[in-house]
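Peer 1: Residue numbers (this note's numbering), protein chains in the order written: chain A, 115 to 525; chain B, 115 to 525.
Positions of the beta carbon are idealized from the N, C-alpha and C atoms, including for glycine.
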């Protein structure tokens with residue numbers, strides 16, 4: 115395994131040295147090759163699908179189709195069209211002693227990604243890492259292994275044809291040993307990003323000896339304040355809960371101010387059309403029980419749950435502070451929202467809530483790199499060291515200090 | 115121990131909510147209180163010193179004196195005078211859908227620091243963390259425990275008098291159990307910074323389940339290029355090696371281009387006055403053996419050693435590329451320098467060397483937060499995630515995304 119890491123590190127150096135134009139050309143060539151290799155990719159994907167229960171919710175995520183390959187290629191061409199995140203001068207000053215000091219954005223070198231059963235991640239990750247001048251070391255899920263190997267074969271074919279080290283896209287075996295080796299690749303891999311569920315993230319965080327960026331897990335709250343606008347609240351809760359239930363920015367807990375309990379039936383009414391099950395605390399249960407069709411009592415476990423489903427819990431509070439305390443206790447630092455027409459409450463919420471993305475009168479469904487105008491996204495960081503929130507190309511860079519003198523010495 | 119972490123987290127929230135002026139007042143009050151508590155601090159320090167062998171190199175680092183306490187207080191007042199790193203707006207845009215998107219610098223929350231036998235670190239770390247709106251959880255060395263406890267008692271006295279939670283400066287017991295608890299304080303401590311030698315850094319990196327910033331270890335090279343200016347080279351090598359040998363930016367390996375071997379005696383001559391022992395590779399040994407007094411043959415172990423002493427190794431290379439390969443193999447990504455009058459060589463070196471600080475015609479002794487104009491420094495990061503190189507106040511902040519709308523929803 116170490117040989118693979120050494121090759122990836124060398125490949126990272128050579129990718130860093132390419133021009134942005136060259137890297138973009140390579141990405142467009144890979145996109146073309148993906149489209150013209152559909153048969154090969156679909157055949158490999160069929161092998162993976164044959165081993166998966168079609169009733170599993172993973173089946174659809176694992177599946178490649180003609181249209182999905184076109185979409186992956188289009189995303190790759192889009193990445194090629196973005197401005198380079200490299201070479202940005204973050205600081206440039208001449209010190210009193212005449213030394214010129216510059217802080218310049220550079221690639222990490224090698225980025226490791228551990229993920230589950232979505233073969234499109236393989237190609238998304240490659241394109242973002244390559245565009246930002248990095249090699250990537252990929253450890254995909256066993257379920258998608260044939261698809262991932264086929265995808266990387268296509269990428270490496272293009273890299274080799276263009277004279278780029280194929281190890282710039284390194285796929286590890288889909289084994290636990292490979293995952294452990296990656297998490298221990300001190301000196302070879304500069305950062306590792308897990309993409310997947312809570313269990314995967316915890317495994318990576320607990321075992322990585324290389325720097326790690328935790329992504330994705332989202333226990334997401336929306337607080338309907340005493341001064342909340344009912345129409346805005348209805349729209350935001352509905353959008354945040356039902357737009358896509360399987361994504362990390364989806365709403366899990368509606369917190370409602372007790373002064374607005376009488377509006378709760380109207381606030382929740384649109385959810386019934388999507389068959390959202392509501393787990394209600396005692397006070398909210400009392401006002402919903404005769405009007406909302408899919409109602410259960412909340413249990414202590416309901417709070418702090420990332421449902422990933424048409425399910426939501428309701429908590430009643432008596433103050434903004436109690437809402438923020440609830441978020442501090444149960445939220446995962448991903449995305450939190452307040453619905454209010456009170457500017458003081460909005461300001462206190464944005465100042466006091468410790469999360470990557472804090473919304474006022476907008477749904478958490480906007481937490482997304484493309485929505486934020488970052489062009490693309492490799493994940494949503496829920497930690498504070500390094501990138502936080504949606505991670506675009508800039509999040510795949512670090513910087514170095516360049517100091518130029520003419521023989522000055524330090525007293 | 116968990117109770118301490120919970121208190122620190124709550125204290126962090128309250129420190130974040132203070133105004134910069136208030137925080138500065140508190141720091142100045144702590145500085146005053148340190149000066150008027152000298153007797154108490156020196157008595158505690160005497161307890162620690164009594165347990166330490168006066169011949170140990172650690173003895174001097176452990177010692178507090180009247181003048182050193184004044185210096186610590188002066189540093190704290192200086193930190194109070196710096197601009198706040200908080201509230202900086204890193205991005206502010208209105209998206210096409212009318213959402214206002216801002217990215218704003220905020221404190222981490224709780225910063226953990228594990229360090230060795232220097233009691234001044236306790237107060238330096240507190241002042242930087244407090245200024246940047248964070249609580250700190252400190253785990254000092256056993257040798258300095260009485261001094262650290264006395265220092266934190268002074269700080270907490272002032273905090274309490276000003277109505278700030280004393281847990282904003284939390285000192286853990288000087289035990290292994292405390293260190294382990296800190297490294298596992300997931301959900302309470304946002305980042306941990308080791309300050310000390312290689313062994314401490316490795317221990318933290320290998321055991322932390324919370325994000326960690328590796329600092330300090332510096333295997334530092336300077337490359338005297340075929341086109342190097344001899345006078346500049348002499349000054350830089352002398353300054354980088356002998357200014358202070360016990361610091362991480364001190365020179366460890368001089369790499370010399372074979373075309374300039376005849377200049378090596380002149381390049382090294384000043385070092386003899388400081389009794390620097392040179393470990394020379396075969397070719398450099400041959401030219402130095404009749405002229406340099408303190409000469410030994412290099413062994414394979416000499417390369418990659420952080421000497422922390424009046425010792426230096428010399429490696430002869432035949433090209434810039436070979437010098438960069440040597441640095442990639444043996445350097446620690448801290449500080450690297452080239453002496454050259456060839457702009458192409460300088461540019462290739464700054465582009466190709468993967469280190470936090472890359473110098474041209476200047477000594478690595480400049481790698482320091484104050485020298486870089488950062489005002490103060492909590493350490494020098496040798497990793498790429500988060501801060502890299504000298505870490506000032508901004509390195510103790512993260513950011514959050516604040517999104518404000520009026521009921522927009524995502525299609």
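Residue 393 of chain B and residue 359 of chain B: beta carbons closer than 7 Å?
Peer 2: Counted from its first residue, the second chain places residue 393 of chain B at position 279. Counted from its first residue, the second chain places residue 359 of chain B at position 245. Against a cut-off of 7 Å, the Cβ pair of residue 359 of chain B and residue 393 of chain B comes out as no contact.
Peer 1: Against residue 133 of chain A, what residues of chain B qualify as contacts under a CB-to-CB distance less than 7 Å, listed in chain order?
Peer 2: In the first chain, the residue the question calls residue 133 of chain A occupies position 19. Those do not exist, as residue 133 of chain A stays about 12 Å from chain B at its closest Cβ, beyond 7 Å.
Peer 1: To the nearest angstrom, how far is the alpha carbon of residue 286 of chain B from that of residue 252 of chain B?
Peer 2: Position 172 of the second chain holds residue 286 of chain B. Position 138 of the second chain holds residue 252 of chain B. So the two alpha carbons sit approximately 6 Å from each other.
Peer 1: If you count every other CB in all the chains shown that lies within 10 Å of the CB of residue 227 of chain B, and 16 or more means buried, which is it?
Peer 2: Start at 1 with the first residue of the second chain, and residue 227 of chain B comes out as number 113. Buried.
Peer 1: Would you report the Cα separation of residue 116 of chain A and residue 501 of chain A, rounded to the nearest angstrom?
Peer 2: Sequence index remark: in the first chain, residue 116 of chain A carries index 2 (1-based). Sequence index remark: in the first chain, residue 501 of chain A carries index 387 (1-based). For residue 116 of chain A and residue 501 of chain A, the distance between alpha carbons rounds to 28 Å.
Peer 1: Residue 107 of chain A CB to nearest chain B CB: under 7 Å?
Peer 2: With chain A running from 115 to 525 in the structure shown, residue 107 of chain A is simply not present.
Peer 1: Within the 7 Å Cβ cut-off, does residue 137 of chain B reach chain A?
Peer 2: Your numbering for residue 137 of chain B matches position 23 in the second chain. Chain A contact via Cβ: absent.
Peer 1: Does the distance from the C-beta atom of residue 436 of chain A to that of residue 264 of chain A stay below 7 Å?
Peer 2: Sequence index remark: in the first chain, residue 436 of chain A carries index 322 (1-based). Sequence index remark: in the first chain, residue 264 of chain A carries index 150 (1-based). For residue 436 of chain A and residue 264 of chain A, no; Cβs fall outside 7 Å.
Peer 1: Three Cβ pairs or more, each shorter than 8 Å: is that satisfied between the stretch 501-515 of chain B and the stretch 142-162 of chain B?
Peer 2: Touching, no, given that fewer than three Cβ pairs across the two stretches are closer than 8 Å.
Peer 1: How is residue 451 of chain A classed by DSSP in three states: helix, strand or coil?
Peer 2: One-based indexing of the first chain puts residue 451 of chain A at position 337. Three-state DSSP puts residue 451 of chain A in a strand.
Peer 1: What is the DSSP secondary structure of residue 498 of chain A, counted as helix, strand or coil?
Peer 2: Position 384 of the first chain, counted from the start, is the residue given in the question as residue 498 of chain A. Three-state DSSP puts residue 498 of chain A in coil, outside helix and strand.
Peer 1: Would you be able to state if there are at least three C-beta pairs under 8 Å between the stretch 237-251 of chain A and the stretch 324-337 of chain A?
Peer 2: No: the two stretches stay apart, fewer than three of their Cβ pairs being nearer than 8 Å.
Peer 1: Mind pulling the chain A residues with CB within less than 9 Å of residue 479 of chain B?
Peer 2: Within the second chain, the letter at position 365 stands for residue 479 of chain B. Per Cβ cutoff of 9 Å: 523 and 524.
Peer 1: Taking the alpha carbon of residue 294 of chain A as the point to measure from, which residue in A:432, A:322, A:378 and A:316 has its own alpha carbon closest?
Peer 2: Taking the first residue of the first chain as position 1, residue 294 of chain A is located at position 180. Checking every option, the nearest Cα to that of residue 294 of chain A belongs to A:322.
Peer 1: At a CB-CB cut-off below 8 Å, which residues of chain A make contact with residue 223 of chain B?
Peer 2: Taking the second chain and counting its residues from 1, the one referred to as residue 223 of chain B is at position 109. Near residue 223 of chain B (Cβ distances below 8 Å), the residues of chain A are 468 and 498.
Peer 1: With distances taken from CA atoms, which of A:522, A:464, A:476 and A:485 is nearest residue 131 of chain B?
Peer 2: Counting from one through the second chain, the residue named residue 131 of chain B turns up at place 17. Considering only alpha carbons, the answer is A:464.
Peer 1: Among B:335, B:152, B:370 and B:196, which has the Cα closest to the Cα of residue 344 of chain B?
Peer 2: As a working note, residue 344 of chain B is residue 230 in the second chain. Ranking B:335, B:152, B:370 and B:196 by Cα distance to residue 344 of chain B puts B:370 first.
Peer 1: Going along the chain, which residues of its own chain have a beta-carbon closer than 8 Å to the beta-carbon of residue 244 of chain A, five neighbours each way excluded?
Peer 2: In the first chain, counting from the first residue as 1, residue 244 of chain A sits at position 130. Same-chain partners within the cutoff: 129, 137, 140, 141, 250, 282 and 283.
Peer 1: Could you name the residues that DSSP lists as bridge partners for residue 493 of chain B?
Peer 2: Locating residue 493 of chain B in the second chain gives position 379, where the first residue counts as 1. Note: residue 493 of chain B sits in a beta bridge opposite B:505.
Peer 1: Between the stretch 302-336 of chain B and chain A, which residues of the former have CB atoms less than 8 Å from a CB of the latter, in chain order?
Peer 2: Here the close residues are 304, 305, 319, 320, 323, 325, 326 and 327.
Peer 1: What does residue 471 of chain B pair with, by DSSP beta-bridge criteria?
Peer 2: Residue mapping note: residue 471 of chain B aligns to position 357 of the second chain, counting from 1. Looking at the DSSP assignment, residue 471 of chain B forms a beta bridge with A:515 and B:449.
Peer 1: Tell me which same chain residues have a C-beta within less than 6 Å of the C-beta of residue 239 of chain A, skipping the five on either side of it?
Peer 2: Position 125 of the first chain, counted from the start, is the residue given in the question as residue 239 of chain A. Answer for residue 239 of chain A: 227 and 250, listed in chain order.
Peer 1: Rounded to whole angstroms, what is the Cα-Cα separation between residue 184 of chain A and residue 308 of chain A?
Peer 2: In the first chain, counting from the first residue as 1, residue 184 of chain A sits at position 70. In the first chain, counting from the first residue as 1, residue 308 of chain A sits at position 194. Their backbone Cα atoms lie some 26 Å apart in a straight line.
Peer 1: Decide yes or no for the touch test of the stretch 412-432 of chain B against the stretch 451-462 of chain B: beta carbon pairs closer than 8 Å, at least 3 of them.
Peer 2: Because the criterion of three Cβ pairs below 8 Å is not met, the stretch 412-432 of chain B and the stretch 451-462 of chain B do not touch.
Peer 1: Compare the beta carbon distance of residue 398 of chain B and residue 385 of chain B with 7 Å and say whether it is the shorter of the two.
Peer 2: Here the question's residue 398 of chain B lines up with position 284 in the second chain. Here the question's residue 385 of chain B lines up with position 271 in the second chain. No, they are not a contact pair.
Peer 1: Give the range of the alpha helix (DSSP H) segment to which residue 171 of chain A is assigned.
Peer 2: Counting from 1 along the first chain, the entry for residue 171 of chain A is found at position 57. It spans 171-176 - the alpha helix (DSSP H) in which residue 171 of chain A sits, taken as one unbroken run.
Peer 1: Show which residues of chain B have a CB atom less than 9 Å away from the CB atom of residue 471 of chain A.
Peer 2: The residue given as residue 471 of chain A occupies position 357 in the first chain. Per Cβ cutoff of 9 Å: 514, 515, 516 and 517.
Peer 1: Are the Cβ atoms of residue 302 of chain A and residue 123 of chain A separated by less than 7 Å?
Peer 2: On the first chain, residue 302 of chain A is found 188 positions in, with the first residue counted as 1. On the first chain, residue 123 of chain A is found 9 positions in, with the first residue counted as 1. Yes.
Peer 1: Residue range of the beta strand (DSSP E) that residue 366 of chain A falls in?
Peer 2: What you label residue 366 of chain A is simply residue 252 of the first chain in a count that begins at 1. Its beta strand (DSSP E) spans residues 365-371.
Peer 1: Could you tell me how far apart the beta carbons of residue 225 of chain B and residue 304 of chain B are, in whole angstroms, since I believe they sit closer than 8 Å?
Peer 2: The sequence position of residue 225 of chain B within the second chain is 111, counting from 1. The sequence position of residue 304 of chain B within the second chain is 190, counting from 1. Sure, about 7 Å apart at Cβ, within 8 Å.
Peer 1: Could you tell me which of B:127, B:372, B:326 and B:237 sits nearest to residue 194 of chain B, measuring between CA atoms?
Peer 2: Translated into the one-based positions of the second chain, residue 194 of chain B becomes position 80. Answer by Cα proximity: B:237.
Peer 1: Do the CB positions of residue 389 of chain A and residue 367 of chain A come within less than 7 Å of each other?
Peer 2: For the purposes of this step, residue 389 of chain A is identified with residue 275 of the first chain, where counting begins at 1. For the purposes of this step, residue 367 of chain A is identified with residue 253 of the first chain, where counting begins at 1. Against a cut-off of 7 Å, the Cβ pair of residue 367 of chain A and residue 389 of chain A comes out as no contact.
Peer 1: In this structure, does DSSP put residue 438 of chain B in helix, strand or coil?
Peer 2: For the purposes of this step, residue 438 of chain B is taken as residue 324 along the second chain, with counting starting at 1. Residue 438 of chain B: helix per DSSP, three-state reduction.
Peer 1: Out of A:219, A:119 and A:466, which has the shortest C-alpha to C-alpha gap to residue 198 of chain A?
Peer 2: Taking the first chain and counting its residues from 1, one reaches residue 198 of chain A at position 84. The shortest C-alpha separation from residue 198 of chain A is found at A:219.
Peer 1: May I have a chain-ordered list of the beta strand (DSSP E) segments no shorter than 3 residues that lie completely inside the stretch 340-404 of chain A?
Peer 2: Counting whole runs of 3 or more residues, the stretch 340-404 of chain A contains the beta strand (DSSP E) stretches 365-371 and 391-394.
Peer 1: To test your reading of the DSSP string, which unbroken beta strand (DSSP E) runs of 3 or more residues are found completely within the stretch 263-336 of chain A?
Peer 2: The stretch 263-336 of chain A contains these whole beta strand (DSSP E) runs: 283-285 and 305-309.
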